[in-house]
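Residue numbers (the working numbering), protein chains in the order written: chain P, 21 to 585; chain L, 21 to 585.
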């Protein structure tokens, strides 16, 4: 799709017909905020003409359409879509997302550089443009067992890869502040390049120290006050609306025209069910406008400002010389994509069918001994027991303390008080270590749910009331190479196999979406009240998000950055 | 001045005193537009703390000062300051200019890569940060004789130099549109990198073709309408206020908050007399505000937006992790720098004295045979004569036609009609070819002025009424290795030697400034009415600026891009 400079110049000047011309649409000019009636001429993957009339070899009528630059998701883990990069492409590109800046740290935690290379190879073959940030914290901390570890020396050889944009979210912010040698080695290796951040609740001078280490962008602000502090301290703030972490409502007051050049949008983690029901960045855009943000500010954040923040000088505007990433909308407010071009390719069924696929990696990655019911017992003498308190729609948890009296050397789940057992079992074939504890917030009354999607180490995590059902669900995931399962009364009620690294399905996204619907219904049958129990579960094991989490090594006090003894 | 990450983190967190702390000032926050009372902590060349209170090993009281990010001149030819990069540094850095993105194409036209390397070496030793764009059009066209020529293969080895930012102004815009092989080779070699533009009056689809070739920034717009078209087509527009080309008044209506993220400031060509009398970017800033532009928009254009436009992610904001380029002002409106830090160094006499100098290059570069009076004759049969019409304060000229009847085979100058002789004589030791013609606008009544600063080929150019005085002035420049001279009645009335490539003095900028005052006065004594005759003269030989110019090969019709026969 790359054309010679001669072709670009001649077609831009209108000396010869352009390859594609979008006729009769109106361009939303993100510089002036005006809607401008103009043709848009395209040569190969590049826009060559605007603000003029063009003839095209192919002309696409855009009467009634508003043309905006393709949307840029500035931070996400494609693995959270539970499908391959190719299915993710087919799922979200038709919604107008033409660039995704992904951090493949889920798969990297399972299989290391093989997983990153898989994404790099896939990214060269998708219709949308996928850029990869190199996962900076694999594992996220020293308090978990992952399938792989990546050091500075592992990452450095990939830093000049043309599809790589520096280091991905530097989650181990305590490690930065404490000047952990491994952290500093990575920061030093990427000094002067783009380093993305992740520092929830970090404020004041500690935030200054973190930013001074060279970190440029951040997406963990959950209040407007926190986001504004980060912005004013020079970070580009990526407003996130994931399936669990939903920050748009809190941050939308910041999305003014004044701030818009310095704000971006991202989804971080979003599953196909959510995408089907609500959308992706398109959902963020229409929600932000509905909440009162000016369309100019919102569309800048969705494209031009994002491109600038990540140094993607070749996109973000419908203008000559830019990538032909263009979305034809019904209206700015509704943001329904009626036409999408990604690098000059119309994102239709034919385009998706024409892609050359890359074979999946990391098959048979769920390696552990058969799980037995008694392994879910929770010993302990003290009645005062730390309990993970879920905040629905947040990945931050509360640290609760409940009095739970041991019976026969086991602190039992207590559905009446909404106290479920949570257990994490190492599943990378590294000894099968495990930890058990309590969680409040699921509302579960019986049975169990299990998952191998469990950030970031992706060990096997089980939440349940009944130990036999917990073992059943866990063992089912051993058989199907990972995924999700719901069990009760000695039966598997619903499941989804995720054989690519225990994280991604090999099936079309529509099938995955339907399976998630069935899983959600099955979980509700157990009394679960959370809207997205598997997604919420997935973040209970991530020890870089305050306040109380659990890994295969034990319960983690994130604020003190230590495992509870 | 580069410090370890450990030091940056610890000083940012306030665990140990910062190296320098600016106390009691107010920071102009370019994100929100607010003035914020805060300390600013600095470690080495980097800001590590804002929005907080810090202790410093050295504390600088900034009571009553407003702190803004250092100013970035986004396009200039340091040679036009007529002093070395070191004297330029000493002249403008104390005014708050902490970054200069220069195009050394004046010296490159004299001595090629040697000149570019001289600037690269000097740039590593100045207090301010000088970045170099590689001169794209040496010579500017095929219609002139320069001292050197640079092809794509010459430039490519320097493209990854850490102080290089892509290609400098691509002046040969007709060459781009006509797909000249040499032009396309350079554009292709730098495809995907920063390529700066230069396309005065180019509009419509021809502009589209030019931008589509990969050109990102531009500084030649002289009307708001032209600048707005370039902006909307994705170019970053650099508003220019040079000593001759003054576009600020015309473009300031565009300098709104909405556009400000996409606008920059530049000086292009500015001499020390002008800098002393009016200022540099500081002059642009206070003028823009006086003309009604919002201070937030102006200061963004002067720093943050400039940094973003050129991918200098390490500067443009007073924020942790950014270069400690900070200006302490008396007020936003007056923009007088009372304190300047460049990369953490206070820009004072001691800092300038501590620099390690680089030896000058391109001495004895004015190489031509002795000039004789009769060489200034202008033969021709037709009375209808093309005349270069000067527009004071513009580098664009008018193409006039005057009836000038030959006498004895020579069309004589006619002061009564303001028709002076102009002659360009090749001075790079390449045969001494010459051309003669007419210019209107100097108001000269007698004598002659001569110069070797004559964009971009920098041949010897003489304007005069009296052929003997013209020869005298020209021959004086042969003796003093180039420069400026004013002659009348058989005497040299004033002169300035520029022995570094015939372009730059080896003297302090204060001496150069005084010499320019004397030259200006001497020229006025000849009846010259132009405010800056030598600067205006310098652009009469530049055949990439419409409409009529003259080189050593002849009079050039720029619109038709050909030499008049």
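Where a beta carbon is used, it is the ideal one built from N, C-alpha and C, also for glycine.
Quantities reported herein were computed from a predicted structural model and do not represent experimental measurements.
For chain C, is any of its Cβ atoms less than 7 Å away from the one on residue i?
i, result
"residue 323 of chain P", "Judged by its chain identifiers, the structure shown contains no chain C, and its protein chains are P and L."
What does DSSP give as the partner residues of residue i in its beta bridges?
i, result
"residue 395 of chain L", "BP columns for residue 395 of chain L are empty, so no partner."
"residue 15 of chain L", "A query on residue 15 of chain L cannot be resolved here, the shown segment of chain L reaching from 21 to 585 and no further."
"residue 187 of chain L", "L:154 and L:215"
"residue 586 of chain L", "With chain L represented from 21 up to 585, any question about residue 586 of chain L goes unanswered, as that position is not in the structure."
"residue 89 of chain L", "L:346"
"residue 519 of chain P", "None, per the DSSP bridge assignment."
"residue 237 of chain L", "L:216 and L:256"
"residue 57 of chain P", "P:46"
"residue 504 of chain P", "P:471 and P:516"
"residue 454 of chain L", "L:445"
"residue 80 of chain L", "L:42"
"residue 417 of chain L", "L:410"
Keeping to the same chain, check which residues put their C-beta closer than 6 Å to that of residue i; ignore five residues upstream and five downstream.
i, result
"residue 41 of chain L", "59, 61, 74, 76 and 79"
"residue 576 of chain P", "163, 563, 569 and 583"
"residue 549 of chain P", "463"
"residue 447 of chain L", "386, 388, 479 and 480"
"residue 525 of chain P", "102, 103, 518 and 532"
"residue 260 of chain P", "239, 267, 286 and 288"
"residue 321 of chain P", "280, 283, 284 and 285"
Which first and last residues belong to the alpha helix (DSSP H) in which residue i is found?
i, result
"residue 490 of chain L", "487-499"
"residue 208 of chain L", "201-209"
"residue 249 of chain P", "244-252"
"residue 444 of chain L", "First-last for residue 444 of chain L: 440-445, but that is the beta strand (DSSP E), not the alpha helix (DSSP H)."
"residue 323 of chain P", "First-last for residue 323 of chain P: undefined, no H or E at that position."
"residue 224 of chain P", "224-232"
"residue 111 of chain P", "105-112"
"residue 67 of chain P", "From DSSP, residue 67 of chain P is part of no alpha helix (DSSP H) but of the beta strand (DSSP E) over 66-69."
Just curious, the beta strand (DSSP E) that residue i is in, first and last residue?
i, result
"residue 569 of chain P", "568-571"
"residue 174 of chain P", "Careful: residue 174 of chain P lies outside any beta strand (DSSP E), inside the alpha helix (DSSP H) at 172-175."
"residue 130 of chain L", "No beta strand (DSSP E) contains residue 130 of chain L, which is instead part of the alpha helix (DSSP H) from 125-131."
"residue 545 of chain L", "Taken as a continuous stretch (DSSP letters only), residue 545 of chain L belongs to no beta strand (DSSP E), being part of the alpha helix (DSSP H) at 529-545."
"residue 586 of chain P", "Residue 586 of chain P lies beyond the residue range present for chain P, which begins at 21 and ends at 585; the question has no answer from this structure."
"residue 377 of chain P", "First-last for residue 377 of chain P: undefined, no H or E at that position."
"residue 362 of chain P", "357-362"
Near residue i, which residues of its chain fall below 7 Å by C-beta distance, leaving aside the five closest residues on each side in sequence?
i, result
"residue 354 of chain L", "306"
"residue 70 of chain L", "47, 58, 60, 338, 339 and 340"
"residue 334 of chain L", "342 and 343"
"residue 293 of chain L", "533, 536 and 537"
"residue 22 of chain L", "64 and 65"
"residue 291 of chain L", "100, 101, 102, 263, 536 and 555"
I'd like the list of long-range same chain contacts for residue i, defined as Cβ closer than 8 Å, with 5 residues on each side in sequence excluded.
i, result
"residue 426 of chain L", "399, 400, 401 and 403"
Are the segment 360-372 of chain L and the segment 278-290 of chain P touching by the rule of at least three beta carbon pairs closer than 8 Å?
no
What are the residues in the segment 267-283 of chain P lying within 9 Å of chain L by C-beta distance?
277, 278, 279, 280, 281 and 282
- request: Give the residues from the segment 176-198 of chain P that approach chain L closer than 8 Å (Cβ to any Cβ), ordered along the chain.
  value: 196 and 197
**Item:** Interface positions of the segment 46-59 of chain P facing chain L (Cβ-Cβ less than 7 Å), listed along the chain
**Value:** 49, 51, 52 and 53
If you measure beta-carbon to beta-carbon, which residues of the segment 60-93 of chain P are closer than 7 Å to chain L?
66, 68, 69, 70, 71 and 72
If contact is defined by three or more beta carbon pairs under 8 Å, each pair taking one atom from either stretch, is the segment 141-160 of chain P in contact with the segment 97-110 of chain P? yes
Inspect the CB distances between the segment 226-237 of chain P and the segment 330-348 of chain L and report whether three or more fall short of 8 Å.
yes
**Study point:** Residues from the segment 229-250 of chain L in contact with chain P, defined by Cβ distance under 9 Å
**Key:** 229, 230, 231, 232, 233, 234, 235, 236, 248 and 249
Checklist line | Stretch-stretch touch, CB-based, cutoff 8 Å, three pairs: the segment 466-484 of chain L with the segment 495-507 of chain L | finding: yes
Proximal residues, the segment 329-347 of chain L versus chain P, C-beta separation under 8 Å:
331, 333, 334, 337, 339, 340, 341 and 342
* **the segment 301-320 of chain P in contact with the segment 181-195 of chain P per 3-pair CB rule at 8 Å** => no
Report the residues of the segment 31-47 of chain P with a CB closer than 7 Å to any CB of chain L, ordered along the chain.
32, 33 and 34
Task: Cβ contact (3+ pairs, closer than 8 Å) linking the segment 180-190 of chain P and the segment 120-137 of chain P - done: yes
Three or more C-beta pairs under 8 Å: does that hold for the segment 410-418 of chain P against the segment 489-503 of chain P? no
Interface residues of the segment 198-211 of chain L facing chain P [CB-CB below 7 Å]
199, 204, 207 and 208
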